[in-house]
RNA sequence: GGACCGAUAGCUCAGCUGGAUAGAGUACCUGACUACGAAUCAGGGGGUCGGGGGUUCGAAUCCUCCUCGGUCCGCCA
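In this note's numbering, the protein residues as written are 1 to 604.
Okay, structure coming up:
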């Protein structure tokens, strides 16, 4: 029986988070204890009533030597209570010390309270992990809030490249994280099939069509010369024969455009699938035109007095060559935090790109989402304020929009930078990356960096098997657990889910073992922080730390045989230790699940 | 000219939305193999958190002004 089987089994019994028994966050429990103790002080008159407790935190101290948990309660309350922090701390310490979970309380520094918890608490954490399986760390924090995560949304003009890959991985992991923390998540892709770039695509495909019929063609500037359009042109030639040869654009453009964008979306869907990304909704920009939906969204803004005819100030400094003052239809985005108002109509009367985007977000709002998240490339940075302004205006401030920008990915191979250029048709594609290193490595590596910092992706380094490579290091820890469980089976020691749930966890007492349990106790809290900040990279870093604690314990078994997971002639102790290993395995599996990475059974 | 994002150990990066003596990895020294393998672990040295000012019990974190990189800037999406 493996951890993988264990979790699969548990998932069958318990298909989702169950808020009733989903407490499981030890830090939240202890914070509750602190708050209750403060109440008791108020009752006794040792503290004035009516104090705001929102800033009282219980956290793991930065330095483990300070204890297991630290609270800032005394310092936060000192000023409003008109008391000295250390006095509050001392009184609070007395009350906390009476709790059976607490074995020592110390006042430290300016008024921190450092708590040490009984081994039984940490043993209890292990029991919770095994009981809850993949449910351990899931929370109802999101309270079923409907969240829309829009990501990738690449123009349907070619295969996805590396920049899109980062957005795809980030968006997908963020969506999983939000799901894991109790949100009702929709993954969505906005297809930009309504603008001029799909006409360019259609003309490019038309050239490939002529080429397939034997003509010599050249690709002028402003067309897409990439090879990926060759089969599209060929398919078109097969279907239509020479019907469109020497015909003007108005004969074939619309049909080729539809045909081509469909073909590109098939390509993009396949690219995403190779990364393990699956969208719930593909939303077509084109569906907004000629249907009154753009007009409806702008009418909503107009009713709020936010649409007017006016002339924008010329940009200061760098002046466009052909600048001339021009009266335009403008959205008063400055009323919602933007720097300048934004045009929604071009001088020829057509919509600017911003108009359908407003309508699209209006549509999301009317679909009833409680929160919106857009994942965009760094080149859309200038777009954030106006979109937030639009959503704020359309929803009367009721629906928050968070825009996460993913910064550039710099590719390295053999010590040389890889360049990409979409125009030249020589960009490095998502498929190139997957073929070289596989989806698991791609995903994990792209999540080991904050989204708003640029990322170096070194093809050689990400495949390296060393501690320097977090993908390997975390997978290795998982594989080691698998190995122990396999060996237990060979030795005839029961290590199935039922046996481990019944193990006597009181046998887990060594400091190295408890360190691992402490790290496991942090998981639910970590998930909440990561979900609150929309930062899935925190999960990747946590897993790396957990793996580190586990490897440390493992290797101490070299010096101290009593720390080895399998104890000959002592089934009970072996099972307790394997319960610990399995708990590590469960959390690694859950964490990797959020990142979209498959845990390995053994290293090759 | 303006907007947004970065800047933390020689190098690559974390840092819990304001907490204690700022942490990992790598590299460099010193040690350790009966399990998934030394592909790992234990220990050591290594810092003006880009710079200046401010806010307060307390700042890498918040506000402000600079410096250097990146992205972008009305009829392209």
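Ideal Cβ placement from N, Cα and C applies to all residues, glycine included.
Keep in mind that this is a model prediction, so the values were computed, not measured.
Inset, instruction - Mind checking which residues open and close the alpha helix (DSSP H) that includes residue 446? - result: 430-446
Legend entry - Residues sharing a beta bridge with residue 114, DSSP: 70 and 106
Legend entry - At least three beta-carbon pairs within less than 8 Å, the region 172-183 to the region 252-264: no
Legend entry - Start-to-end residues for the beta strand (DSSP E) that takes in residue 656: This structure cannot speak to residue 656, because the chain is shown only from 1 to 604.
Legend entry - DSSP three-state assignment for residue 508, whether helix, strand or coil: coil
Legend entry - As assigned by DSSP and simplified to three states, the class of residue 282: strand
Inset, instruction - Assign residue 278 to one of two classes, buried (16 or more other C-beta atoms within 10 Å of its C-beta) or exposed (fewer than that). - result: exposed
Legend entry - Residue range of the alpha helix (DSSP H) that includes residue 418: Not the alpha helix (DSSP H): residue 418 falls in the beta strand (DSSP E), residues 416-418.
Legend entry - beta strand (DSSP E) segment containing residue 412, residue limits: 409-413
Inset, instruction - Check residue 343 in the structure and name its three-state DSSP category. - result: strand
Legend entry - residue 296 versus residue 470 - alpha carbon distance: 50 Å
Legend entry - Cβ contact (3+ pairs, closer than 8 Å) linking the region 154-162 and the region 113-131: no
Inset, instruction - Tell me, please, whether the region 284-300 touches the region 356-363 by the rule of three or more beta-carbon pairs shorter than 8 Å. - result: yes
Inset, instruction - Give a yes or no on contact between the region 439-447 and the region 470-484, applying the rule of three or more CB pairs nearer than 8 Å. - result: yes
Legend entry - Cut-off 6 Å between Cβ atoms - residues of its own chain near residue 76, not counting five sequence neighbours on either side: 55 and 56
Legend entry - residue 286 and residue 374 closer than 7 Å at C-beta: no
Legend entry - Status (buried if at least 16 other CB within 10 Å, exposed otherwise) for residue 172: buried
Legend entry - Per DSSP, cross-strand counterpart(s) of residue 247: For residue 247, which the question treats as bridged, DSSP gives no partner whatsoever.
Inset, instruction - Report yes or no: do three or more beta-carbon pairs, one from the region 539-550 and one from the region 583-596, lie closer than 8 Å? - result: yes
Inset, instruction - With DSSP as the reference, please indicate the residues paired to residue 186 in a beta bridge. - result: 148
Inset, instruction - Kindly confirm or deny that the region 499-514 and the region 573-581 touch, where touching means at least three C-beta pairs closer than 8 Å. - result: yes
Legend entry - contact_flag[the region 368-387, the region 331-351] where n(CB pairs < 8 Å) is 3 or more: yes
Legend entry - Buried or exposed (CB count within 10 angstroms, at least 16 for buried), residue 38: buried
Inset, instruction - Count the other CB atoms, across all protein chains shown, that sit within 10 Å of the CB of residue 267; report buried if there are 16 or more and exposed otherwise. - result: buried
Legend entry - Three-state secondary structure assigned by DSSP to residue 328: strand
Inset, instruction - Could you tell me the boundaries of the alpha helix (DSSP H) in which residue 373 lies? - result: It is not in any alpha helix (DSSP H) - residue 373 instead sits in the beta strand (DSSP E) that spans 371-377.
Legend entry - Candidates 451, 477 and 311, of which the one nearest residue 534 by Cα: 451
Inset, instruction - Could you work out which residue in 237, 51 and 60 is closest to residue 74 when comparing CA atoms only? - result: 51
Inset, instruction - Enumerate in chain order the residues of its own chain whose CB-to-CB distance from residue 364 is below 6 Å, with the five nearest sequence positions on each side excluded. - result: 148 and 372
Legend entry - Proximity winner among 488, 382, 438 and 189, relative to residue 568 (alpha-carbon distances): 488
Inset, instruction - Quick one: residues in its chain with C-beta nearer than 7 Å to the C-beta of residue 423, no 5 flanking neighbours on either side, listed in chain order? - result: Note that residue 423 has pLDDT 37, beneath the 50 cutoff, so the model's placement of it is unreliable and the number below is only indicative. Closer than 7 Å at Cβ, skipping near neighbours: no residue.
Inset, instruction - Return yes when the Cβ of residue 111 is within less than 7 Å of the Cβ of residue 89, no when it is not. - result: yes
Legend entry - Residue range of the alpha helix (DSSP H) that includes residue 238: 230-240
Inset, instruction - State the start and end residues of the unbroken beta strand (DSSP E) segment that holds residue 457. - result: 455-458
Inset, instruction - Could you spell out where the alpha helix (DSSP H) holding residue 34 opens and where it closes? - result: 26-43
Legend entry - Boundaries of the beta strand (DSSP E) in which residue 402 is found, first to last residue: 401-406
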